[in-house]
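Visitor:
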Amino acid sequence: MLSALFYFLLFFFFFFKALFVYKYILLVPRGLIMLSNTEKELIIQIWDKMIPVAEEIGSEALLRMFTSFPKTKTYFSHLDISPHSEHLRCHGKKIIQALAEGARNISTLTTTLAPLSRFHAYQLRIHPTNFKLFNHCIIVTLACHMGDNFTPVAHAAIDKFLSAFSAVLAEKFR
Amino acid sequence: MVEWTDAERKAIKAVWGKINVDVTGAQALARCLIVYPWTQRYFGSFGSLSDPASILGNKKVAAHGKVVLNGLGKAVQNMDNIKSTYAPLSVLHSEKLHVDPDNFRLLGDCLTIVVASQLGRAFTPDIQAAWQKFLAVAVSALGKQYH
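Sequence order for the protein chains is C and G.
Add 194 to the 1-based position in the first sequence for my numbering, that's all there is to it.
For the second sequence, counting from 1, position 12 maps to -1 in my numbering; every step adds exactly one.
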């Protein structure tokens, strides 16, 4: 009778402990990404600030990527990606808006990004290493614009978010 | 042999001239330990690295950041033979320190972010491209003596 009670209590202990931990875990294909509530708030705060300047930030990140890593231009032969071009600004804006939406729906990234995920897998077919290059250039752009406000903690949170985002975009690749 | 255009040489010396070698190295190393926590494996003797605040306040991290950045300075002064300049450093990181060379790129990325946040708009896409190329050469040279 006492041992039954013991196992009952043990079960509840681990069940609630698991529940407590679960809200901190963002389950993403290809591994777990741990984002605390503080980090999730930081991420939303930062992307909210980027929405009004989406064109500027997005086109700058793209331009940085094309300049530092010229092979990434091979995916854009159908657009005019010269500095300040209409296409570059428009495309940059789309990307920032998609990232901001992802930030507001972090716990449902897979469903939120499903259409974009299919698009990247079946139509765009981008070599996966390019996501890392673009993420790096997004972070450089944020650092240039935010200066000291782009603290190491904010940097870590954004880096993790962008990794999770790219993982979802690439999940249907094969 | 790495070919550097005049514009690239100018860009790299300009960036180097603008950064405070004592402070930037410390910030870059601390940032690397925070953003990529597995890199802490090489710094077991540095004391507390348990949270961002203790990493940012850690004097050994700051001192070592300075050492690392002075090492990068050697590459800036010897841009035409970075590989031979770094040969002994590469042997050190491989034989004695046993550092996975993939981590050099991460530290380089963190350094780029610190430089970007210090220079702001002055860190233009063209200057970034030259800086990325320079770091790639330095990172490659550091990994050359691994076997």
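Where a beta carbon is used, it is the ideal one built from N, C-alpha and C, also for glycine.
Keep in mind the model is a prediction, meaning the values are calculated, not measured.
Please classify methionine -12 of chain G: does DSSP put it in a helix, a strand, or coil?
Guide: Locating residue -12 of chain G in the second sequence gives position 1, where the first residue counts as 1. Three-state DSSP puts methionine -12 of chain G in coil, outside helix and strand.
Visitor: Identify, in the order they occur along the chain, each residue of the same chain with its Cβ nearer than 8 Å to the Cβ of alanine 294 of chain C, setting aside the five sequence neighbours on each side.
Guide: For the purposes of this step, residue 294 of chain C is identified with residue 100 of the first sequence, where counting begins at 1. The residues are Trp241, Asp242, Met244, Ile245 and Ala248.
Visitor: So, is the C-beta of glycine 296 of chain C closer than 9 Å to a C-beta in chain G?
Guide: Locating residue 296 of chain C in the first sequence gives position 102, counting from the first residue. No, its Cβ sits nowhere closer than 9 Å to a Cβ of chain G.
Visitor: Kindly list the residues whose CB is nearer than 7 Å to the CB of lysine 217 of chain C, restricted to its own chain and excluding five residues on each side of it in sequence; keep chain order.
Guide: Along the first sequence, one-based indexing puts residue 217 of chain C at 23. Any reading at lysine 217 of chain C must be qualified, since the residue scores a pLDDT of 48, below 50, and its modelled position is unreliable; no value is offered.
Visitor: Report the residues of the segment 337 to 356 of chain C with a CB closer than 9 Å to any CB of chain G, ordered along the chain.
Guide: Ala337, Cys338, His339, Met340, Gly341, Asp342, Asn343, Phe344, Thr345, Pro346, Val347, His349, Ala350, Asp353 and Lys354
Visitor: On the DSSP bridge list, what partners appear for methionine 66 of chain G?
Guide: Along the second sequence, read from residue 1 onward, the residue named residue 66 of chain G stands at position 79. Note: methionine 66 of chain G sits in no beta bridge, so no partner.
Visitor: Apart from the five residues on each side of it in sequence, which residues of its chain come closer than 8 Å, Cβ to Cβ, to threonine 266 of chain C?
Guide: The residue given as residue 266 of chain C occupies position 72 in the first sequence. Cβ-Cβ distances below 8 Å link threonine 266 of chain C to Met259, Phe260, Asn324, Leu327 and Phe328 in the same chain, with the five nearest sequence neighbours on each side left out; the list follows chain order.
Visitor: With 9 Å as the threshold, decide whether the Cβ of phenylalanine 260 of chain C is near any Cβ in chain G.
Guide: Against the first sequence, residue 260 of chain C aligns to sequence position 66. It does; some Cβ of chain G falls within 9 Å.
Visitor: In chain G, which residues lie with their C-beta within 7 Å of the C-beta of leucine 257 of chain C?
Guide: One-based indexing of the first sequence puts residue 257 of chain C at position 63. Here the neighbours are Pro112.
Visitor: Output yes or no for whether 9 Å exceeds the beta carbon distance between glutamate 233 of chain C and alanine 351 of chain C.
Guide: Here residue 233 of chain C refers to the residue found at position 39 when the first sequence is read from its first residue. Here residue 351 of chain C refers to the residue found at position 157 when the first sequence is read from its first residue. A contact, by the Cβ cut-off of 9 Å.
Visitor: Consult DSSP for methionine 195 of chain C and reduce its assignment to one of helix, strand or coil.
Guide: The sequence position of residue 195 of chain C within the first sequence is 1, counting from 1. The answer is coil: DSSP assigns methionine 195 of chain C none of H, G, I, E or B.
Visitor: Using a Cβ cut-off of 7 Å, pull out every chain C residue sitting near threonine 99 of chain G, in sequence order please.
Guide: Walking along the second sequence from the start, residue 99 of chain G turns up at place 112. Simply Val334.
Visitor: What does the alpha-carbon distance come out to for the pair serine 276 of chain C and lysine 120 of chain G?
Guide: In the first sequence, counting from the first residue as 1, residue 276 of chain C sits at position 82. In the second sequence, counting from the first residue as 1, residue 120 of chain G sits at position 133. Each residue's Cα considered, the two are about 21 Å apart.
Visitor: Does glutamate 254 of chain C get closer than 9 Å to chain G when you measure Cβ to Cβ?
Guide: The count along the first sequence starts at 1 and reaches residue 254 of chain C at position 60. So yes, glutamate 254 of chain C belongs to the interface.
Visitor: From which residue to which residue does the alpha helix (DSSP H) around valine 2 of chain G run?
Guide: On the second sequence, residue 2 of chain G is found 15 positions in, with the first residue counted as 1. Here the alpha helix (DSSP H) through valine 2 of chain G covers -7 to 5.
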